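Visitor: Mind looking over this structure? Questions follow.
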Amino acid sequence: MSVRLLDDFTKNVGFVFLTFMVVNVCNYLFHIFMSRSLGPVDYGILASLFSLFMIISVPAESLQMVMAKYVSSFKAYQKFGKTGLLLRRWLRSISLWAALVFILLLFSSRYLSSFLHLPSRLPLIIISVALVLAIISPVTVGVLQGLQKFGYFGIEMMAGGISKLIFAVLLVYLGLKVVGATLGLTLGYLSALLLALFLLKSLLSRGQDAGDRSLKLERVRAYFLAAALTSLCYMVLINIDILLVKHFFNPSQAGHYAAASILAKVIFYLPGGIIMVMFPTASELYALKEESQTVLKKSLFYGGVLCGSVVLLYFVWPSFVVKVLFGKEYIAAVPLMGTFGLAMFFFVLASILSVYQLSVSKLKFLKILVVATILEITLVSIFHNTLAQVIFILLGISLFLFVFNIWYVFFDKSFRVRGKFS
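To convert a position in the sequence shown, counted from 1, into my numbering, add 139.
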């Protein structure tokens with residue numbers, strides 16, 4: 140079993156990486172078209188709605204991780220009846236929570252429209268519907284990921300990205316402007332969700348096997364909190380510096396820092412496909428009481444080479460990158476690029492190690508992760524004489540997290556990964 144999983148790992152990583160590239164290209168084309176078709180004012184409205192959407196939907200990423208963890212464990216012992224039970228229960232539970240979020244947004248739409256200076260509440264209401272779908276979707280996507288049906292997983296991901304682009308472009312072209320863009324987003328999520336439900340129809344209709352009723356949602360919820368805390372900490376670690384720089388520095392410096400930050404974050408998100416494949420693979424090996432660190436080592440190698448290449452580019456040709464992507468007016472960001480990229484490089488490796496530990500139910504790293512998050516906020520708040528100083532703080536924190544996680548996973552004798560997870 141372990142040999143087959145390891146043999147498939149590289150192939151799956153390559154496929155999911157290509158899937159992510161297709162989705163990212165669709166997202167890039169979406170924003171290019173919208174920025175040119177809507178104009179600065181309407182595109183600013185759309186961007187503010189998207190920011191609200193992203194903030195509220197953050198916990199959904201953790202939900203996908205939880206579903207993938209449990210489903211991969213059930214898959215290891217062919218407990219597909221239990222997988223179907225988990226899918227049905229969480230679809231009902233999360234749908235109720237999503238409906239509650241929609242109702243809250245509906246009642247607060249007048250205030251939010253005023254705060255965001257929206258000429259109409261309709262785009263906000265439409266994007267609230269998209270949010271409902273975005274909250275439910277990780278349940279189905281997480282099951283596909285946990286089953287390691289990466290073909291279906293990739294099709295679902297690409298269907299969402301491509302349909303969003305097509306619907307939004309068509310509706311904006313027809314003159315619906317911001318309403319059309321938000322409606323296109325909603326239809327994209329709806330298309331992806333319906334496709335995922337179709338792909339999982341056999342599980343949804345599957346009867347319960349013996350022992351299926353032993354599933355305890357309390358354990359699932361507890362694991363969800365750990366996954367959510369991990370996602371939250373990394374989100375803060377790579378984003379809070381922008382808010383602090385905006386507060387402590389002048390607008391011009393903050394703008395240059397933001398440009399450097401956007402380019403640096405490319406490194407952080409680049410190995411997303413690797414992590415998507417590593418997580419359920421390591422989780423299944425752990426459930427089978429088999430060695431899983433080979434998967435981690437391969438993930439660190441692939442992620443290191445991929446992200447290290449971009450870091451090297453930022454050190455060798457930073458001026459070229461900044462001028463091509465942002466223009467000459469952002470040339471002041473050039474000296475920040477190399478060090479910023481290196482900081483994100485270590486954050487990437489630390490996050491791969493953290494996600495691996497989640498996959499094998501080892502949560503000791505969480506205490507250090509929370510401490511590092513608080514420490515970054517504190518240090519940047521105290522020491523911010525220059526932009527370079529802020530970036531060196533990020534580099535120090537990322538290196539600290541990487542070294543701790545490497546030591547704990549590979550050298551701490553208390554770290555044991557063989558053991559059944561149920």
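Glycine included, every Cβ here is placed at the ideal spot set by N, Cα and C.
If you're wondering where the values come from, they're calculated on a predicted model, not measured in any experiment.
In the DSSP assignment, find the unbroken alpha helix (DSSP H) run with Ala398 in it and report its ends.
Guide: By 1-based counting over the sequence shown, the position of residue 398 is 259. For Ala398, the uninterrupted alpha helix (DSSP H) run begins and ends at 390–408, by DSSP.
Visitor: Do Gly535 and Tyr469 come within 9 Å of each other at the CB atom, strictly closer than that value?
Guide: Here residue 469 is taken as the residue at index 330 of the sequence shown, counted from 1. Here residue 535 is taken as the residue at index 396 of the sequence shown, counted from 1. Cβ distance not < 9 Å, so Tyr469 and Gly535 don't count as in contact.
Visitor: Answer yes or no: do Phe189 and Val311 have a C-beta to C-beta separation smaller than 9 Å?
Guide: Locating residue 189 in the sequence shown gives position 50, where the first residue counts as 1. Locating residue 311 in the sequence shown gives position 172, where the first residue counts as 1. No, these two residues do not count as a Cβ contact at 9 Å.
Visitor: Which residues mark the beginning and the end of the alpha helix (DSSP H) in which Arg227 is found?
Guide: Translated into positions along the sequence shown, residue 227 becomes position 88. Unbroken alpha helix (DSSP H) run through Arg227: 219–246.
Visitor: On the CB-based measure, 16 or more other CB atoms within 10 Å of its CB, does Ala307 come out buried or exposed?
Guide: Counted from its first residue, the sequence shown places residue 307 at position 168. Classification of Ala307: buried, given that the 10 Å Cβ count is 16 or more.
Visitor: Below 8 Å CB to CB, which residues in the same chain sit around Val113 once its five sequence neighbours on both sides are set aside?
Guide: Beyond the ends of the chain as shown, which are 140 and 561, falls residue 113; an answer cannot be given.
Visitor: So what's Thr525 in DSSP terms, helix, strand or just coil?
Guide: Along the sequence shown, read from residue 1 onward, the residue named residue 525 stands at position 386. Three-state result, Thr525: coil.
Visitor: My guess is that Ser212 and Ala426 are in contact by the Cβ rule of under 8 Å, so how many angstroms apart are they, rounded?
Guide: Taking the first residue of the sequence shown as 1, we reach residue 212 at position 73. Taking the first residue of the sequence shown as 1, we reach residue 426 at position 287. Rounded, the Cβ-Cβ distance is 4 Å, consistent with contact.
Visitor: To test your reading of the DSSP string, which unbroken beta strand (DSSP E) runs of 3 or more residues are found completely within the region 438–512?
Guide: Correct list: empty.
Visitor: In whole angstroms, what is the alpha-carbon distance linking Asp551 and Ile545?
Guide: Locating residue 551 in the sequence shown gives position 412, where the first residue counts as 1. Locating residue 545 in the sequence shown gives position 406, where the first residue counts as 1. Each residue's alpha carbon lies about 9 Å from the other.
Visitor: What's the call for Tyr167, buried or exposed, on a 16-neighbour Cβ count within 10 Å?
Guide: Locating residue 167 in the sequence shown gives position 28, where the first residue counts as 1. Burial state of Tyr167 is exposed, judged by a 10 Å Cβ sphere holding fewer than 16 other Cβ atoms.
Visitor: On the three-state DSSP scale, how would you describe Lys428?
Guide: Residue 428 sits at position 289 when you count from the first residue of the sequence shown. Of the three classes helix, strand and coil, the one that applies to Lys428 here is coil, per DSSP.
Visitor: Could you name each continuous alpha helix (DSSP H) segment of 4 residues or more that falls completely within the region 235–305, going from the start of the chain to the end?
Guide: 248–254, 261–285
Visitor: Contact between the region 430–447 and the region 194–211: three or more CB pairs below 8 Å?
Guide: no
Visitor: If you follow the alpha helix (DSSP H) that Phe550 is in, where does it begin and where does it stop?
Guide: As a first step, residue 550 must be located in the sequence shown, where it is residue number 411. Run containing Phe550: none; DSSP gives neither H nor E here.
Visitor: I'd like to know whether the C-beta of Phe407 is nearer than 9 Å to at least one C-beta of chain B.
Guide: Absent from the structure is chain B; it holds one protein chain and no more.
Visitor: Under a three-way DSSP split, which group does Ser201 fall into?
Guide: Position 62 of the sequence shown holds residue 201. In this structure, Ser201 counts as helix in the three-state DSSP scheme.
Visitor: Report the CB separation of Val548 from Leu492 in whole angstroms; it is logged as a contact under 8 Å.
Guide: The residue you call residue 548 lines up with position 409 of the sequence shown. The residue you call residue 492 lines up with position 353 of the sequence shown. Between Leu492 and Val548 the Cβ distance is about 6 Å, and since that is below 8 Å, they are a contact.
Visitor: If you draw a straight line from the alpha carbon of Ser232 to that of Met374, how long is it in whole angstroms?
Guide: Sequence index remark: in the sequence shown, residue 232 carries index 93 (1-based). Sequence index remark: in the sequence shown, residue 374 carries index 235 (1-based). Answer to the nearest angstrom: the Cα atoms are 26 Å apart.
Visitor: Give me the residue from Ile507, Asn524, Ser520 with the minimum Cα distance to Phe539.
Guide: Counting from one through the sequence shown, the residue named residue 539 turns up at place 400. The option with the nearest alpha carbon to Phe539 is Ile507.
Visitor: Any heavy atom of the ligand NAD within a distance shorter than 8 Å of the CB on Tyr328?
Guide: You won't find the ligand NAD in this model; it holds no ligand whatsoever.
Visitor: By how many angstroms is the C-alpha of Val494 removed from the C-alpha of Leu488?
Guide: Locating residue 488 in the sequence shown gives position 349, where the first residue counts as 1. Locating residue 494 in the sequence shown gives position 355, where the first residue counts as 1. Distance between the alpha carbons of Leu488 and Val494: 10 Å.
Visitor: Note down the Cα distance separating Ala527 from Lys218, rounded to an integer number of angstroms.
Guide: Taking the sequence shown and counting its residues from 1, one reaches residue 527 at position 388. Taking the sequence shown and counting its residues from 1, one reaches residue 218 at position 79. Cα to Cα, Ala527 sits roughly 53 Å from Lys218.
Visitor: Terminal residues of the continuous alpha helix (DSSP H) containing Gly314?
Guide: Looking up residue 314 in the sequence shown gives position 175. Neither: Gly314 is in no alpha helix (DSSP H) and is coded neither H nor E.
Visitor: Checking 9 Å against the spacing of the C-beta atoms, do Leu245 and Ile264 come in under that value?
Guide: Numbered from its first residue, the sequence shown carries residue 245 at position 106. Numbered from its first residue, the sequence shown carries residue 264 at position 125. Cβ atoms of Leu245 and Ile264: closer than 9 Å.
Visitor: Going by C-alpha to C-alpha distance, which of Thr325, Gly293, Arg360 sits closest to Leu338?
Guide: Here the question's residue 338 lines up with position 199 in the sequence shown. Minimum Cα distance to Leu338 is reached at Gly293.
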